[in-house]
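Position 255 of the sequence shown, counted from 1, bears residue number 596 in this note's numbering, the numbering being contiguous throughout. All C-beta atoms in this analysis are idealised placements derived from N, C-alpha and C, irrespective of residue type, glycine included. Note that the coordinates shown come from a computational prediction; the quantities given were computed from them, not determined experimentally. Remarks on the structure that follows.
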Amino acid sequence: MAQKQLTIGLFGFGVVGEGLYRVLQQTPSLKATLKKVVIKNPGKKRNAPLELFTTDRDQILNDPEINVVVEVIDDSEAAFQIVSTALSNGKAVVSASKKMIAEHLPELLALQQKTGQPFLYESAACASIPVIRNLEEYYDNDLLHSIKAIVNGSTNFILTKIFEEKLDFKQALILAQQLGFAESNPTLDVEGYDAVNKWSFLLTHAYGAIVHPNDLVFTGIQHIQPGDAVVAREKNFQIKLVAQAKKLLSGKVAAFVLPQFVKPEDPLSFVKNEYNGVVIESGFADKQFFYGKGAGSFPTASAVLSDISALRYEYRYEYKKLYHHQPLEITTDFHIKAYLSFDEWKHIPRDDFNWIEEWHAESERKYLIAVFPFALLHSGTWWKENNVSLILAPDPIIEDVEVRQLKKKSLELAGIV
């Protein structure tokens with residue numbers, strides 16, 4: 342197949358945009374020319390020829406010579422307008438805007454079908470790890486048992502510093518900002534929004550589910566207390582912000598993004614600082630582990646570059662699990678095992694718990710480990726209010742069958758059955 346000559350129009354010249362400009366200069370074999378870059382602020386000094394830049398988006402969107410639009414801006418609504426117009430104008434599009442993709446996936450799918458143009462966004466998921474393409478090409482729907490991942494480099498960096506250097510949360514966050522791993526407004530990272538945005542469209546590539554991030558249960562690391570780290574160390578666990586999805590016996594999928602205790606033998610325990618990691622478990626291949634940088638200029642630019650190079654061969658996502666299989670449904674109908682730390686019992690709906698495995702009432706702060714219906718998290722906000730901290734157990738998902746067996750066993754031990 343002959344390589345297609347690519348002429349690129351780029352939106353955004355921040356950390357990723359400039360990284361891409363540098364990477365393209367060092368990859369002459371790609372046969373890709375960067376023709377124009379649209380920027381917001383023309384007065385800012387940039388390390389590239391002045392004639393490359395414009396503030397007029399039509400210079401890219403209406404230029405018939407430009408056949409690839411690359412969008413790496415941080416305004417999700419503006420990004421959606423750019424992507425929609427570019428696709429409608431017959432241009433292939435590469436994007437790194439996870440919020441935009443997560444919030445507009447149904448419209449973006451419709452546009453791809455209508456225009457026949459490819460829309461690639463590997464860099465929006467885990468920066469340097471090619472997770473979307475692997476889920477698309479390699480794992481059949483029926484064989485994909487589970488996928489769990491650390492998809493946000495900033496929170497992972499902060500947790501690593503809290504654990505390994507015993508910094509407190511504020512110190513670790515400031516360090517992450519100084520090194521460029523966390524934004525000046527860290528809410529999106531720290532409170533889990535960035536991770537759940539990525540997870541919502543990764544679920545489409547994994548299981549064919551189309552789910553808006555608002556409909557997934559998630560939180561970040563903002564509620565984790567120093568005492569939680571002490572308990573984790575005592576049990577020889579680490580704490581990570583883990584996005585996960587697991588196919589249940591019912592054929593439906595459990596999916597969420599929550600802090601979790603991670604055992605030393607879990608591959609995710611090796612994922613430190615700004616790195617990302619993905620563990621995929623499938624029918625016959627057992628577990629596979631992908632690891633790579635999840636933040637920074639060149640790692641993200643390298644993923645954008647791999648999407649651009651795939652366009653030379655007319656590559657596109659086929660959304661096989663969505664269009665060629667029966668898409669799987671996300672469910673809240675299962676149980677979860679979790680650690681909770683809190684100040685007062687009145688904030689914990691313990692009457693709705695299946696059982697409590699262990700509890701400690703210190704003078705100030707109390708904690709327990711319990712099994713309860715996941716629906717308690719889905720329908721309520723008690724677990725992220727009033728200074729409550731929730732961290733999942735290492736194997737947190739418990740299905741109905743297991744709950745009944747465990748109950749029966751505990752009754753037997755008590756001599757009741």
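> Measuring CB to CB, does residue 638 end up less than 8 Å from residue 410?
Replying inline: By one-based count along the sequence shown, residue 638 stands at place 297. By one-based count along the sequence shown, residue 410 stands at place 69. Their beta carbons are not under 8 Å apart, which means residue 638 does not touch residue 410 by this criterion.
> Which residue's Cα is closest to the Cα of residue 635: 381, 347, 491 and 417?
Replying inline: Here residue 635 corresponds to residue number 294 of the sequence shown, with the count starting at 1. The shortest Cα separation from residue 635 among 381, 347, 491 and 417 belongs to 491.
>> Is it buried or exposed, residue 571, if we count other Cβ atoms within 10 angstroms and call 16 or more buried?
In response: Stepping through the sequence shown from its first residue, residue 571 is reached at position 230. Exposed, because fewer than 16 other Cβ atoms sit within 10 Å of the Cβ of residue 571.
> Looking only at DSSP bridge pairs, what is residue 629 linked to?
Replying inline: By 1-based counting over the sequence shown, the position of residue 629 is 288. According to DSSP, which records beta bridges pairwise, residue 629 is partnered with 621.
>> Taking 7 Å as the limit between beta carbons, can you name the residues of its chain near residue 425, skipping five residues before and five after?
In response: Position 84 of the sequence shown, counted from the first residue, corresponds to residue 425. Hits under 7 Å: 452.
>> Going by DSSP in three states, residue 349 sits in which element: helix, strand or coil?
In response: One-based indexing of the sequence shown puts residue 349 at position 8. Three-state DSSP puts residue 349 in a strand.
> Near residue 389, which residues of its chain fall below 7 Å by C-beta distance, leaving aside the five closest residues on each side in sequence?
Replying inline: For the purposes of this step, residue 389 is taken as the residue at position 48 of the sequence shown. Closer than 7 Å at the Cβ level, and outside the excluded window around residue 389, lie 362.
>> Give me, in chain order, the residues of the same chain whose beta-carbon lies closer than 6 Å to that of residue 696; leave out the 5 immediate sequence neighbours on both sides.
In response: Residue numbering aside, residue 696 sits at position 355 when the sequence shown is read from its first letter. Taken in chain order, the residues that qualify are 712.
> Near residue 717, which residues of its chain fall below 7 Å by C-beta distance, leaving aside the five closest residues on each side in sequence?
Replying inline: On the sequence shown, residue 717 is found 376 positions in, with the first residue counted as 1. Excluding positions up to five away in sequence, the list reads 690 and 693.
>> Just to confirm the assignment: which complete alpha helix (DSSP H) runs, minimum length 4, are found wholly within the region 460-537?
In response: 464-467, 472-478, 494-505, 510-519 and 528-531
> In whole angstroms, what is the alpha-carbon distance linking residue 726 and residue 681?
Replying inline: Here residue 726 refers to the residue found at position 385 when the sequence shown is read from its first residue. Here residue 681 refers to the residue found at position 340 when the sequence shown is read from its first residue. Each residue's alpha carbon lies about 12 Å from the other.
> Which residues mark the beginning and the end of the alpha helix (DSSP H) in which residue 359 is found?
Replying inline: For the purposes of this step, residue 359 is identified with residue 18 of the sequence shown, where counting begins at 1. Segment 356-366, the alpha helix (DSSP H) holding residue 359.
>> Please report the distance separating the alpha-carbon of residue 506 from that of residue 486.
In response: Here residue 506 refers to the residue found at position 165 when the sequence shown is read from its first residue. Here residue 486 refers to the residue found at position 145 when the sequence shown is read from its first residue. Going by the C-alpha atoms only, they are around 35 Å apart.
> Do you know whose CA, among 418, 557 and 647, lies nearest residue 673's CA?
Replying inline: Counting from one through the sequence shown, the residue named residue 673 turns up at place 332. Closest option to residue 673, Cα to Cα, is 557.
> First and last residue of the beta strand (DSSP E) that includes residue 689?
Replying inline: Along the sequence shown, one-based indexing puts residue 689 at 348. Segment: none, residue 689 is in no beta strand (DSSP E) and carries neither H nor E.
> Which residues in the same chain have their Cβ closer than 8 Å to the Cβ of residue 652, if we skip the five residues on either side of it in sequence?
Replying inline: Working through the sequence shown from its first residue, we reach residue 652 at position 311. Counting only Cβ-Cβ distances below 8 Å, and skipping sequence neighbours, we find 345, 347, 409, 433, 435, 459 and 461.
> At what residues does the beta strand (DSSP E) containing residue 379 begin and finish?
Replying inline: Residue numbering aside, residue 379 sits at position 38 when the sequence shown is read from its first letter. 373-379 is the span of the beta strand (DSSP E), which, as asked, contains residue 379.
> Any C-beta of chain C sitting closer than 8 Å to the C-beta of residue 365?
Replying inline: Included in the structure is just one protein chain, with no chain C present.
> From which residue to which residue does the alpha helix (DSSP H) around residue 703 run?
Replying inline: Your numbering for residue 703 matches position 362 in the sequence shown. Residue 703 -> no alpha helix (DSSP H), and no H or E assigned at all.
>> Taking the alpha carbon of residue 564 as the reference point, which residue from 383, 599, 546 and 595 has its own alpha carbon closest?
In response: The residue given as residue 564 occupies position 223 in the sequence shown. Checking every option, the nearest Cα to that of residue 564 belongs to 599.
> I think residue 633 touches residue 469, with their Cβ atoms under 8 Å apart; what is that distance to the nearest whole Å?
Replying inline: Counting from one through the sequence shown, the residue named residue 633 turns up at place 292. Counting from one through the sequence shown, the residue named residue 469 turns up at place 128. Yes, they are in contact, since the Cβ atoms of residue 633 and residue 469 sit about 4 Å apart, within 8 Å.
> For residue 683, which option in 477, 703 and 517 has the closest C-alpha, if you only look at C-alpha atoms?
Replying inline: Looking up residue 683 in the sequence shown gives position 342. Per the Cα distances, 703.
> Given a threshold of 16 other Cβ atoms within 10 Å of its Cβ, counted over all protein chains shown, does residue 626 qualify as buried or as exposed?
Replying inline: Counting from 1 along the sequence shown, the entry for residue 626 is found at position 285. Exposed, since its Cβ has fewer than 16 Cβ neighbours within 10 Å.
> Which value, in whole angstroms, describes the spacing of the CA atoms of residue 658 and residue 735?
Replying inline: If you number the sequence shown from 1, residue 658 lands on position 317. If you number the sequence shown from 1, residue 735 lands on position 394. Their Cα atoms are separated by approximately 33 Å.
> Quick one: is residue 561 buried, meaning 16 or more other Cβ sit within 10 Å of its Cβ, or exposed?
Replying inline: Residue numbering aside, residue 561 sits at position 220 when the sequence shown is read from its first letter. Counting Cβ neighbours within 10 Å, residue 561 comes out buried, since at least 16 surround it.
> Any heavy atom of the ligand SAH closer than 7 Å to the Cβ of residue 596?
Replying inline: Of ligands this structure carries none, so the ligand SAH is not represented either.
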